[in-house]
Amino acid sequence: MIVDEERPIRSTDPFRPDEVVAEAESWGSDAVAAAVEHGRKAAAEWRATPAPARAQAMGAAADAVAGAAAELTELVIREVGKPRAEAPGEVQRAISILRYYAQQTLDPDGETYPAPDARSLLMARRRPRGLVTLITPWNFPIAIPLWKAAPALAYGNAVLLKPAREAIGVALKVQELIAPHLPDHLLQVAPGDSTIAQALLRASDAVSFTGSTEAGRHVARAATEAGIPAQCEMGGQNASIVLADADRQRAATQIAGAAMGYAGQKCTATSRVIVVGEDNGFTEALVAAVAALPQGDPGEQGVQVGPVINEAARRDVVEAAEEARSEGGRVIAGGQAGAGLGWMVAPTLVSGLPAEASLNQREVFGPIAAIIQASDDGDAVAIANGVRQGLVTSVYTSDLARALSVVDNLDTGLIRVNAPTSGVDFYAPFGGEKSSSHGPREQGKAAREFYTSIRTVTITP
Ligand code: UN1
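Residue numbers (the numbering used here): 627 to 1087.
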């Protein structure tokens, strides 16, 4: 896991890096011990609370977040540099998630089975895990903490949330809004680094993580040692496949947004664009669509590409472009840092690299994508599948039969036909294959699998 011992926990505006947005004292081992003790008491109280009352409390929490939507949006924009074109949508998604899971509390909580004799009752009932640790990234500072916390709470658990330091302000604001509607200490936010995350994990009954592949593997290993279930959402190396019959203009516009919107800082961003057969003006259309994306101050109306999160992230993009050049690729857009104080970097497109080149195999968390040529549909699928990750693929075509055959052979957890790789429906299962994910799916009703376990009960009178 990333060792990060800077104290206090502080976030800065990526567009105005000398401005501190939020600050909090890091927890120490005493705070962890107290939070665990309080969290366990809260979990017991919450589990004993009737489901309709839990639904009401979570509904009130959703209303509180909705009432602060404008303020939260501004905070998201400032703290992580998410453009105004996307930040209100993320806050709205978070509110919808809370409302959705408030109602899930009232869903059936198990099944009955035919008993082996006529008088008995045989049931499989869902029970909360207990105390769960959530370790969340900065890039969706409100949606990801809530798409984990809302189902955890709805299914009866207490939550210890360890947010990324870069998004500590949003996490604390969410706690401030939600906690008053729930039993004391049911939702606790833990400012701290990876040491704190590990201490929380060891004292919990389950851990859910979203972030880098390296950190996710570490979490999965630590969970195995602690004997608790883990759910880890890690990187993507997502492809958009443009089949020969696709509407090229539409594909170019959508792919530009999926690769470069929010400066490419989504695990669902497109980083490989696979073009089948003749290019037929597609590359030109993509370069033009990327150039047309408004860049700059994420707070300004219309901007779609703001800064990356910090200096190291910007360096990663510039170095990846240099490396692509040295491997024989052509940088056909961007490749350099932007002007000004903030961590701007030009949206970057590379062509002429083979599918095995390093840029096409490792995730650069920023606005950079490569165009790869494929000879036919089968070749495109092989290239798309030829990476360790397996999160999402999109396919552009107007031929339903071709779409279905390609979809059938892709090995990612999400597949989107004529839709961008980025974008998630919170009420449908979300997760990847291969090294992108570990453990059961998140979101929708699938979340219940992770946040509960089953007790099989036989009752004979
Ligand atoms: C989206 O594409 O709207 O960390 C969500 C991420 C993903 C979420 C993507 N887990 O980027």
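Even for Gly, the Cβ is constructed at its ideal location relative to N, Cα and C. Just so you know, these numbers come straight off a predicted model, no measurement behind them.
Report task. Assuming Val758 contacts Ser655 (C-beta within less than 8 Å), just tell me the rounded distance between them. Result -> For a cut-off of 8 Å, the C-beta gap from Val758 to Ser655 is around 20 Å, too long to register as a contact.
Query - Sequence-distant residues of the same chain with beta carbon closer than 6 Å to Thr1086, five excluded per side - result: Ser746
Report task. Ignoring anything shorter than 4 residues or poking outside the segment 663-717, list the alpha helix (DSSP H) runs there in chain order. Result -> 677-693, 695-706
Query raised in the report: Got a sec? Which residues, its chain only, sit under 6 Å from Gly1153 by beta carbon, not counting five neighbours each side?
Result: No answer is possible for residue 1153: it lies beyond the span of the chain, which begins at 627 and ends at 1087.
Query raised in the report: Measuring CB to CB, does Val1137 end up less than 8 Å from Val1043?
Result: Because the chain spans 627 through 1087 in this model, residue 1137 falls outside it and cannot be assessed.
Requested in this report: Could you have a look at Trp835 and say whether DSSP puts it in helix, strand or coil?
Outcome: Here residue 835 is Phe; the residue named in the question, Trp, does not match the sequence. Strand.
**Report entry** Cβ neighbours of Thr1082 in the same chain (closer than 7 Å, five flanking residues each side left out)
**Finding:** Ala750
Query raised in the report: Cys858: beta carbon under 7 Å from a heavy atom of the ligand UN1?
Result: no
Query raised in the report: To the nearest angstrom, how far is it from the Cα of Ile768 to the Cα of Val899?
Result: 29 Å
Report task. Could you tell me the distance, in whole angstroms, from the CA atom of Leu1040 to the CA atom of Ala744? Result -> 45 Å
Query - Gln1007 - containing alpha helix (DSSP H), residue span - result: The question names Gln, but residue 1007 in the sequence shown is Val. That run of the alpha helix (DSSP H) goes 1003-1011.
Query raised in the report: Alpha carbon to alpha carbon, what distance is there between Arg673 and Cys893?
Result: 34 Å
Query raised in the report: Roughly how far, in whole angstroms, is the beta-carbon of Phe1052 from the beta-carbon of Ile723, given that I think they are within contact range, below 8 Å?
Result: 5 Å
**Report entry** Beta-carbon proximity check, Gly837 vs Gly1058, cutoff 8 Å
**Finding:** Between Gly837 and Gly1058, the C-beta spacing is not below 8 Å.
Query raised in the report: When you compare only the Cα positions, how much space is there between Ser1024 and Ala1054?
Result: 25 Å
Report task. Give the DSSP-derived three-state secondary structure of Ser952 in the structure shown. Result -> helix
Report task. Flag Ile867 as yes when its Cβ comes closer than 7 Å to any non-hydrogen atom of the ligand UN1, and as no otherwise. Result -> Ile867: no, Cβ never under 7 Å from the ligand UN1.
Query raised in the report: Is the Cβ-Cβ distance between Ala963 and Val944 less than 8 Å?
Result: Yes, the Cβ-Cβ distance between Ala963 and Val944 is below 8 Å.
Query raised in the report: Under a Cβ-count criterion, where at least 16 other Cβ atoms within 10 Å of its own Cβ denotes burial, should Gly707 be classed as buried or exposed?
Result: By the neighbour-count criterion, in which 16 or more other beta carbons inside 10 Å mark a residue as buried, Gly707 falls on the buried side.
Query raised in the report: Using the beta-carbon count (16 or more within 10 Å), is Ser897 buried or exposed?
Result: buried
Requested in this report: Can you give me the start and stop residues for the alpha helix (DSSP H) that Gln880 sits inside?
Outcome: 874-886
Requested in this report: Give me the Cα-Cα distance between Ala784 and Asn1035, rounded to the nearest whole angstrom.
Outcome: 40 Å
Query raised in the report: For Lys892, which of helix, strand or coil comes out of DSSP?
Result: coil
Query raised in the report: Hey, Phe641 and Gln857: beta-carbon distance below 8 Å or not?
Result: no
Requested in this report: Verify the contact flag: Ser1048, CB atom, against every heavy atom of the ligand UN1, threshold strictly below 7 Å.
Outcome: yes
Report task. Please go through the segment 818-862 and give each complete alpha helix (DSSP H) segment of 4 or more residues, from N-terminal end onward. Result -> 820-828, 839-852
Query raised in the report: Residues in its own chain within less than 8 Å of Ala661 by CB, not counting five upstream and five downstream?
Result: Result list for Ala661: Trp653, Leu786, His811, Gln814, Ala816, Leu826, in chain order.
Query raised in the report: Hey, quick one: how far does the alpha helix (DSSP H) through Asn864 stretch, first residue to last?
Result: Note, Asn864: premise wrong, no alpha helix (DSSP H); beta strand (DSSP E) at 864-868.
Query raised in the report: Can you tell which of Pro740, Gln1069, Ile1080, Ser866 has the C-alpha that lies nearest to the C-alpha of Tyr727?
Result: Gln1069
**Report entry** Cβ-heavy atom distance, Ile770 to the ligand UN1, below 7 Å
**Finding:** Flag set: Cβ of Ile770 near the ligand UN1.
Report task. Please confirm if the segment 912-924 is in contact with the segment 998-1006, defined as three or more CB-CB distances below 8 Å between the two stretches. Result -> no
Query raised in the report: Using DSSP with H/G/I as helix, E/B as strand and the rest coil, what is Ser655?
Result: DSSP places Ser655 in helix when its eight states are reduced to three.
Query raised in the report: Which residues mark the beginning and the end of the alpha helix (DSSP H) in which Ala914 is found?
Result: 908-917
Requested in this report: Return the CA-CA distance between Ala996 and Leu985, expressed in angstroms with no decimal places.
Outcome: 8 Å
Query raised in the report: So the beta strand (DSSP E) Asp639 belongs to, where does it begin and stop?
Result: 635-639
Query raised in the report: Among all the DSSP beta bridges, which residues are the ones paired with His1064?
Result: Cys858
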